[in-house]
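So the structure is just underneath, and the comments pick up after that.
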Amino acid sequence: RTADPRKLLAKAMRGRIAALLPLKNERMAASAFAFFRGAAPIMAFDLSLAPHTPIVCQLCGDAHVQNLGAYEGDDGRLIFDINDFDETIRGPFEWDIKRMTTSILLAGDDAGVHKTGCHGAADIFLASYCRLMEHLARLPVLEAARFQVHRLHAVSSISEILRKAEISEILRKAERSTPLHTREHLTEKTARGRVFRNLPPVLHRIKGERKRVVLASLRRYRESLQPERQHFLARYKPVDVAFKVVGTGSVGMRDYVIYMEGNGADDPLFLQIKEETTSVYAPYLAAKTVTTPNQGQRVVNGHRAMQLQSDPMLGYTRFEGRDYLVRQLNDHKATLDVTHLDEAGLQQYAEVCGELLARGHARSGDPGLIQGYIGKGKRFREAMLEFAHAYAAQSRDDWQRFKASLA
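14 is the number of the first residue of the sequence shown in this note's numbering; add one for each residue after it.
Now the structure itself:
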């Protein structure tokens, strides 16, 4: 490594809200896995130094085991898929695989799973990815693009895995996480109607000019939606605006939520307006990447390229020289804390990760090329595991130095 990881992080933090950076540091210092989640800029640099394949697809960009969850799709059904695409970009397919494999080792270690169990889970992830990619490479293009993982009998069924206690809890939580539930949790009644609660440090109301600027951005957001969804949005009236602190890697970014009401007070809609900057991979892929005029649009494109179904209100906007992704907040959304899984749960979950990442790569790339490179999979899996163990050790060392720098 030719660069100080602390300097790479500091460079990535430029432009963020300085008052929130101590909170980001606190969250990253909690564990090696938490540090890894917030250290995507470091890994992007490290990946750029090593040889990589010319086989390009849409990268999630932040492929880790915590970045899967449930949400409501276009047809009202709960979808289980990759969640966030802040760092999405077109790049070498194996970069996502390297990051996901490393994350399984670190998350399992945080959960107290023995190192042999962590290794087994990482290998199951890779085997699952290779197996599904082999199947998708044989399908017609459109059939592969709309493939539903649970249809493949040779691969453990998603529906079967979702019956496991840990993952079925995600769906139960998602079923409860309705806009009405969010309204009760995040807002309170006043003499003038409902407004956001002040819940420091993660949520506080904004007023005056700042509120007007955020609401004015809805006009540009509306233009990014499909016509029928523009009509749906027009039927909702903005009520209140708040600033929200989210995630680990995103702490310090500007993130607003708008509370809206449609057909009465019992028809709430919560929109999240999340600042997006250039992908951390962009400096290393500039010659191979199609640029978009808006970083929020880049993230929307990543969602639509990799997900079978996306949030129907997904769009983007721009104000005060910054780009934003817009999506629903907590509409049947839920994730699993993988650090609470036992060995069997981690391995079952890793299998799902492999299937979903393979499908996303096949939708946005050429599964035949990827499968041709992977071959029978044995040497590929061995190489990915060797990398992941080495990078997990490097991440633990980086985490220890990071904690020492905060003391």
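Here a beta-carbon is modelled for each residue, glycine too, at the ideal position from N, C-alpha and C.
One or two residues paired with residue i in a DSSP bridge
i    : result
A255 : R218 and V270
R207 : K202
R103 : Q71
I95  : L81
L212 : L216
K111 : Paired residues: none, contrary to the question.
K224 : Per DSSP, none; premise fails for K224.
K250 : E274
Euclidean distance between Cα positions of residue i and residue j
i    : j    : result
A420 : L91  : 44 Å
I383 : D109 : 13 Å
S170 : R151 : Because the pLDDT of S170 is 41, which lies under 50, any placement of that residue in the model is unreliable, and the question is left without a value.
S172 : A204 : Low per-residue confidence applies at S172: pLDDT is 47, beneath 50, and the placement is therefore not dependable enough to give any value.
I193 : L282 : As written in the sequence, residue 193 is Leu, which differs from the Ile given in the question. Approximately 9 Å between the Cα atoms of the pair.
A405 : W412 : 10 Å
H198 : M326 : 21 Å
R27  : N80  : 24 Å
A23  : G82  : 30 Å
R19  : A57  : 14 Å
I30  : H148 : 46 Å
A417 : G262 : 20 Å
G125 : D355 : 8 Å
E236 : M397 : 43 Å
S408 : A278 : 48 Å
K37  : A140 : 34 Å
T290 : G309 : 8 Å
F138 : A32  : 39 Å
Enclosing beta strand (DSSP E) for residue i [first to last residue]
i    : result
E288 : G277 to E289
Residue span of the alpha helix (DSSP H) that contains residue i, given as start and end
i    : result
K389 : From DSSP, K389 is part of no alpha helix (DSSP H); its letter is neither H nor E.
D136 : K128 to L149
N307 : That residue, N307, is in no alpha helix (DSSP H); it is neither H nor E in DSSP.
S237 : L231 to S237
R242 : P240 to A247
L298 : A295 to L298
L155 : V154 to A158
> Three or more beta-carbon pairs under 8 Å between the segment 309-316 and the segment 329-340, yes or no?
Replying inline: The segment 309-316, when compared against the segment 329-340, does touch it at the 8 Å Cβ threshold.
> Are three or more beta carbon pairs between the segment 209-218 and the segment 246-263 nearer than 8 Å?
Replying inline: In short, these stretches touch, since the Cβ pair count reaches three.
> Contact between the segment 66-81 and the segment 359-379: three or more CB pairs below 8 Å?
Replying inline: Taking a cut-off of 8 Å for Cβ pairs, the segment 66-81 and the segment 359-379 touch, as three or more such pairs fall below it.
> In chain order, which beta strand (DSSP E) runs of at least 3 residues are fully inside the segment 325-357?
Replying inline: As far as the segment 325-357 is concerned, its whole beta strand (DSSP E) runs of at least 3 residues are 328-332 and 335-341.
> Taking the runs of the beta strand (DSSP E) that are 3 residues or longer, which of them lie wholly in the segment 19-93?
Replying inline: Those beta strand (DSSP E) runs which fall completely within the segment 19-93 and span 3+ residues are 69-72 and 81-85.
>> Three or more C-beta pairs under 8 Å: does that hold for the segment 115-126 against the segment 400-416?
In response: Taking one beta carbon from each stretch, the segment 115-126 and the segment 400-416 have 3 or more pairs nearer than 8 Å; the two touch.
> Should the segment 237-254 be regarded as contacting the segment 346-357, the criterion being three or more beta carbon pairs within less than 8 Å?
Replying inline: Too few Cβ pairs lie closer than 8 Å, so no.
>> Contact between the segment 37-55 and the segment 270-281 is defined here as three or more beta-carbon pairs at a separation below 8 Å; is this criterion met?
In response: The segment 37-55 is not in contact with the segment 270-281.
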